[in-house]
Amino acid sequence: TLSWSDGKGAKAIAIVKGGDHDKELLYLHPDEVKAGTKPKKLNEIKAIDYERFLKDFDARERVPLLNRLAEARKEGKHPDQLIGEGAKAKELYKQILEDDTKAKMIEIDGDSLFQPIPSAEADKREVWYICGASGSGKSYFARGLAEAYKKLYPDREVYLISKLNDDETLDKMKIGKPKRINVETLITDPPELEEFKECMVLFDDYDAFTGAHAKAVRALIDDLATMGRHTKTTMCLMTHKLTDYSKTRLILNEATHIVVYPLATAYHPLKYLLKQYVGLEEKEVRALKNCGSRWVCFHKNYPQYQITEHTAKLLHQ
């Protein structure tokens with residue numbers, strides 16, 4: 001389930017940038033309701049949990065309002081059945097009902113934007129596969145991940161392998177510049193996997209490499225994809241190609257996250273990728289074209305979820 005509040009076993013999966021929710025964290029909670037168990041009783045409505053809604057009401061109105069909403073909830077009313085309540089009260093009641101039923105989707109509006117973040121579990125590694133056309137925003141998305149990674153793990157390194165000698169986005173991280181790896185050294189002095197222990201490695205447009213350089217980069221990617229969990233090496237791969245048969249099968253199978261740019265991507269390759277590796281239905285893929293977000297991030301492993309610039313929701317629930 002999703003919420004703004006931390007709790008036992010909850011994992012932060014995104015941070016909000018800008019707007020009324022700036023710097024708030026979005027949490028993913030473990031599913032505590034098992035098959036065959038009785039549903040939980042309705043929790044007390046606590047004012048502290050809904051401060052961002054109640055700030056628009058006079059202090060003297062808040063307790064009576066919450067009491068009325070609690071009674072409406074007890075009677076099983078829907079928001080549109082709240083006679084005499086204004087739009088803001090109905091918005092608050094809708095949020096209360098979503099919280100009661102274990103929220104499957106959370107939406108933010110205005111100037112607030114979600115930004116997915118790496119896992120705070122230090123013993124886990126992640127593989128982020130970011131695919132889109134040139135100029136779609138892959139490097140900008142990866143920079144946000146790398147900056148969040150350095151905040152979580154200030155003692156860990158972030159490495160960059162790129163076809164470009166200078167990258168105006170990745171080379172200008174707010175928290176430390178990534179250490180560049182000369183691709184030539186991957187050929188003349190191949191590194192041991194232990195040299196990438198507990199770090200993040202960014203592969204920027206790695207499919208642009210050719211010849212011996214392409215072979216060396218591919219070998220490192222394959223090694224880290226299969227063995228990186230033992231060295232706790234997080235990978236972030238930026239590519240123009242959504243899928244490329246045998247060349248992408250391994251990395252897509254190992255990927256924990258897939259990031260796509262629906263508005264700048266042809267439909268059929270997008271459908272194949274998300275149906276094959278995320279399990280989306282065709283109607284869900286088509287809906288991405290109208291989701292109003294530049295990018296869409298999918299968490300592949302259970303529990304699966306989808307994050308856009310303004311929404312977060314659980315999949316296949």
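If you're matching positions, the sequence shown starts at 1 in the working numbering and goes up one per residue.
Glycine is no exception: its CB is placed at the ideal position from the N, C-alpha and C atoms.
(message) Closest to PHE209 by C-alpha separation, out of LYS179, ASN165, GLU85, VAL296, would be which residue?
(response) Within the sequence shown, numbered from 1, the residue matching residue 209 stands at position 209. Among LYS179, ASN165, GLU85, VAL296, the Cα nearest to that of PHE209 belongs to ASN165.
(request) Go ahead and pull the three-state DSSP assignment for PRO116. (result) Within the sequence shown, numbered from 1, the residue matching residue 116 stands at position 116. It is a strand residue.
(request) Would you check if the distance between the CB atom of TYR318 and the CB atom of ARG218 is smaller than 8 Å? (result) Missing from the structure shown is residue 318; the chain here goes from 1 to 317 and no further.
(request) Along the alpha helix (DSSP H) that carries LYS271, what are the first and last residues, could you check? (result) Against the sequence shown, residue 271 aligns to sequence position 271. LYS271 -> alpha helix (DSSP H) spans 267-277.
(message) What does the alpha-carbon distance come out to for the pair LYS94 and GLY9?
(response) Counting from 1 along the sequence shown, the entry for residue 94 is found at position 94. Counting from 1 along the sequence shown, the entry for residue 9 is found at position 9. So the alpha carbons of these two residues sit roughly 25 Å apart.
(request) Express the C-alpha separation of LEU288 and LEU113 in angstroms, rounding to a whole number. (result) Counting from 1 along the sequence shown, the entry for residue 113 is found at position 113. Counting from 1 along the sequence shown, the entry for residue 288 is found at position 288. The alpha-carbon atoms of LEU113 and LEU288 are separated by roughly 17 Å.
(message) For a test of the three-state rule: what should DSSP assign to MET200, helix, strand or coil?
(response) Along the sequence shown, read from residue 1 onward, the residue named residue 200 stands at position 200. Residue state, collapsed to three classes: strand.
(request) Run the CB neighbour count on SER246, radius 10 Å, all protein chains shown included, and call it buried at 16 or more, exposed below. (result) As a first step, residue 246 must be located in the sequence shown, where it is residue number 246. It counts as exposed.
(request) Report the rounded CA-to-CA distance for GLY205 versus HIS240, giving the unit in angstroms. (result) Translated into the one-based positions of the sequence shown, residue 205 becomes position 205. Translated into the one-based positions of the sequence shown, residue 240 becomes position 240. With the sequence shown as reference, residue 205 is identified as Asp, and Gly is not the correct amino acid for it. Rounded to the nearest angstrom, the two C-alpha atoms are 7 Å apart.
(request) Look at the Cβ atom of TYR149, then the Cβ atom of MET200, and state whether they are nearer than 8 Å. (result) Taking the first residue of the sequence shown as position 1, residue 149 is located at position 149. Taking the first residue of the sequence shown as position 1, residue 200 is located at position 200. Yes; because the gap between Cβ atoms is below 8 Å, this pair is in contact.
(message) Once DSSP output is grouped into helix, strand and coil, what is the label at LYS38?
(response) Position 38 of the sequence shown, counted from the start, is the residue given in the question as residue 38. Confidence at LYS38 is low in this model, with a pLDDT of 37, below 50, so the placement of that residue should be treated as unreliable; the coordinate-derived value is given next. Coil, per DSSP.
(message) Measuring straight from C-alpha to C-alpha, what distance separates GLU276 and LEU170?
(response) Here residue 276 refers to the residue found at position 276 of the sequence shown. Here residue 170 refers to the residue found at position 170 of the sequence shown. Residue identity differs from the one stated: residue 276 is Gln in this sequence, not Glu. So the alpha carbons of these two residues sit roughly 30 Å apart.
(request) Assign HIS230 to one of three DSSP states: helix, strand, or coil. (result) Indexing the sequence shown from 1 puts residue 230 at position 230. Looking at HIS230 - three-state DSSP - the assignment turns out to be helix.
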